[in-house]
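Position 19, counted from 1, in the sequence shown is what full-length UniProt numbering calls 19; the numbers after and before it change by one each time, with no gaps.
Heads up: the structure comes next, in structure tokens.
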Amino acid sequence: MSITAATKVFGIIGDPVGHSLSPIMHNAWIADHGLDAVYVALPLKSDDPTAAIRAMKGLGFSGLNVTVPHKEAAAAAADRSEGAVANVLRWEEDGSVSAFNTDGAGFLDALSETAPDWRGRVQRVLMLGAGGAAQAIGQALSPHVVTIHFANRTAARAETAASAIRNGRVLRWDDLERGFGAADLVVQTTTLSMDGQPEQVWPLDYCRPTVIAADIVYRPLETEFLRAARARGLLGMDGLGMLIHQGARAFDLWFGIKPDTAKARERLIAALK
Ligand code: ATR
């Protein structure tokens, strides 16, 4: 479909967004459904991102994904928001802006795909890291599990994340063996898994054989954490699932369509090669 004055514009704002897979994922879904829309990557460097996002209102955007470091600004810029941190914005017919967060639910969707029996099986969660992603996942998991222990290099952030949820706890970063030994689900949210980071040795030998090991990093697709977990026979979950499912939920919010997540996975794996 060619781009005209009527084409609806969607995009992702963040800094950086140059390597985002969201344009590939959303433009392919737009094409699958023959929609007159386009999805672009918009690097937003601003001292006042809330004002910058409010100004986008006048530019005719229909919807945006928001990534680091603008998720708080997006929630603040909206006329209504589900919470203080948003990864999806939608412009309504009346010109107002609604903000949503699909990160946590996207993680649960991915977990259900990997381990359909996780509810009941997962009672104790160990969260490695306490950044924005860890907090969103912790909040989504909280009603379904007994405890969530946050272990973070900077203890103060673990305390903040843990105190935000009813069953949040703090585990000392130098006490990971104990945390791995007690967990039914370990979620790796730190940047230590990313390409180019120094190698981290995780105490996976302490895990029970039924543990689910999830990494939210997808570059590389098989992180050292996942490789080591799978080498010990544990069930592993890579970071693409959360990316795809948070995106599918955003697509549904914008278009009222549930897109094909399996097809997205094939496309993104090809794009990562
Ligand atoms: P996001 O919001 O996407 O989760 P973030 O807020 O930058 O991203 O979080 C990155 C996480 O990786 C944090 O938990 C960070 O720990 P700190 O809070 O102590 O910074 C963690 N992290 C990054 N580099 C690390 C390192 N070398 N060792 C341990 N943890 C690290």
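C-beta atoms are modelled at their ideal positions from N, C-alpha and C, and glycine is treated no differently.
Since we're looking at a predicted model, the values are computed, not measured.
Beta-carbon contacts of Ala140 that lie in its chain and below 7 Å, excluding the five residues immediately before and after: The residue given as residue 140 occupies position 140 in the sequence shown. Excluding sequence neighbours, Ala140 sits near Gly104, Ala105, Phe107, Leu108.
Per-residue DSSP class, three states only, for Trp202: Within the sequence shown, numbered from 1, the residue matching residue 202 stands at position 202. Looking at Trp202 - three-state DSSP - the assignment turns out to be coil, as it is neither helix nor strand.
Extent of the continuous beta strand (DSSP E) run through Ser62: Position 62 of the sequence shown, counted from the first residue, corresponds to residue 62. Where Ser62 is concerned, the enclosing beta strand (DSSP E) stretches over 61-66.
Contact belief for Thr114 with Leu235 at Cβ below 8 Å, rounded distance in angstroms: Taking the sequence shown and counting its residues from 1, the one referred to as residue 114 is at position 114. Taking the sequence shown and counting its residues from 1, the one referred to as residue 235 is at position 235. Indeed, because the Cβ distance is near 7 Å, the residues count as touching under 8 Å.
Contact set for Ala86: own chain, Cβ-Cβ below 7 Å, skip 5 residues either direction: To locate residue 86, count along the sequence shown from 1; it is residue 86. Val66, Lys71, Ala74, Ala75, Ala78, Ala99, Phe100, Asn101.
Among Trp202, Arg121, Asp195, Leu272, nearest to Ala151 - alpha-carbon criterion: For this step, residue 151 is matched to residue 151 along the sequence shown. Comparing Cα positions, the closest option is Trp202.
Cut-off 7 Å between Cβ atoms - residues of its own chain near Ser193, not counting five sequence neighbours on either side: Locating residue 193 in the sequence shown gives position 193, counting from the first residue. Once the five neighbours on either side are set aside, the close Cβ partners of Ser193 are Asp215, Val217, Thr223, Glu224, Phe225.
Segments assigned alpha helix (DSSP H), at least 4 residues, entirely inside the region 204-247: 224-231
Residue interval of the alpha helix (DSSP H) (run including Gln139): To locate residue 139, count along the sequence shown from 1; it is residue 139. Where Gln139 is concerned, the enclosing alpha helix (DSSP H) stretches over 132-141.
beta-carbon Asn87 near the ligand ATR non-hydrogen atom, thresh 6 Å: Stepping through the sequence shown from its first residue, residue 87 is reached at position 87. No, the beta carbon of Asn87 sits no closer than 6 Å to any heavy atom of the ligand ATR.
Opposing strand residues paired with Thr147 [DSSP bridges]: Sequence index remark: in the sequence shown, residue 147 carries index 147 (1-based). Note: Thr147 sits in a beta bridge opposite Arg124.
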